[in-house]
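Working notes, beginning with the structure itself.
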Amino acid sequence: MNANADKNRSLGFVGIGRMGAPMAQRLLAAGYRLTIFDTNEAALAPLVAKGASRADSPRAVADAAAIVLMSLPMPDVVTAVGLGKDGLIEGSAVRIVIDLSTTGPQAAKKLASGLATRSIATLDCPVSGGVAGATKGSLALMVAGDAGRYDEARPILDHLGKQFYVGPEPGMAQTMKVINNLVSVTALVVTSEALVMGVKAGLDPDMVVQVINAGTGRSNASEVKIPNFVLSRSFGFGFALGLSAKDIRLCLEEAEHLGVPMAVGQSVRNFLNHAAEILGYQADMTEMIRVIEKEAGVEVRGKAAAQPKP
């Protein structure tokens, strides 16, 4: 192995949360040396025990690795980590920052512009597939940025999932991601409404889902989220309702910026905000059906649901 290849086996990772932890774990398992940072000390311990090095700040991560990945929950957090005091921008080694977060196009452009002042390239790389996809390495990764830098990062991203290069400008992948999330969550909302309606009309919920999936109404919501996390009443998909509301807000803000009307999207946003206020912003996104159930006076419980304890 030559010196450059060996150097590229050292990576930084900032944001060891629900999504970041399994992605970082996959990179460790693939043989990369990781320097990691998160404000939650407890989140770092499992990876440190497996050989990762703990850093005291994003800057320290960027001092240790030429390529740094980050997976963070909100646009302002991404901006602070990338451009703020003791941020990645102050690191001495970093050349490429791969942002796996969902921040929206405008925040992605701000990050890339700021890092460029220090000759640091940005790959805008939001992901889709949830915690299960992050764990299995089956995420869909939307990538935008300089094609040459992307070629450098591709072998790393191969361990996380399937990649889609959407264009040369940071922000383009964010646009693709928020479009995808709008379609995905809209399907979950309307499928939840339809399922509650079916149960209120006396239909068996398992049968309702089977028919939808055999016909033209099927979606990831009806094929994955509803059967596994709603009919079972486990509500453990692993993505917070508040983050879903954030993603839809980012989509609608960009649509407004582009002059594209989104009446249905606005209705979905209103419902998500309403559900988050009732259930809490940390509630699992699949729990949104509880709000509809309460208003309809029924509960959607499939055969897979655990029986209530006596």
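With this note's numbering applied, the sequence shown covers 12 to 321.
Heads up, the beta-carbon is just placed ideally off N, CA and C, and yes, glycines get one too.
Keep in mind that this is a model prediction, so the values were computed, not measured.
### Message
In chain order, what are the residue ranges of uninterrupted beta strand (DSSP E) at least 3 long that sit wholly in the segment 23-70?
### Response
44-48
#### Entry: Cut-off 7 Å between Cβ atoms - residues of its own chain near G115, not counting five sequence neighbours on either side
P86, Q185, V189, L261, E264 and E265
### Message
What does DSSP give as the partner residue(s) for G178 in the beta ladder?
### Response
A155
### Query
Leaving out five residues before and five after R312 in sequence, what residues of the same chain have Cβ atoms less than 8 Å from its Cβ?
P216, L242 and R244
### Query
According to DSSP, what are the bridge partners of L134?
I109
### Query
Per DSSP, what kind of secondary structure is V279 in: helix, strand or coil?
helix
### Task
State the Cα-Cα distance for the pair F248 and N239, rounded to the nearest angstrom.
8 Å
### Task
Can you check DSSP and say which residues form a bridge with A251?
D295
### Query
For L55 versus A35, is the C-beta distance shorter than 7 Å?
no
### Neighbourhood of Q140 by C-beta distance below 7 Å, restricted to the same chain and skipping five residues each side
Contrary to the premise, residue 140 reads as Gly rather than Gln in this sequence. Taken in chain order, the residues that qualify are S149, L150, A151 and G172.
### Task
Determine which residues share a DSSP beta bridge with V79 and list them.
G23 and V108
### Query
Below 7 Å between beta carbons: does that hold for L80 and F24?
yes
### Query
For G213, which of helix, strand or coil comes out of DSSP?
coil
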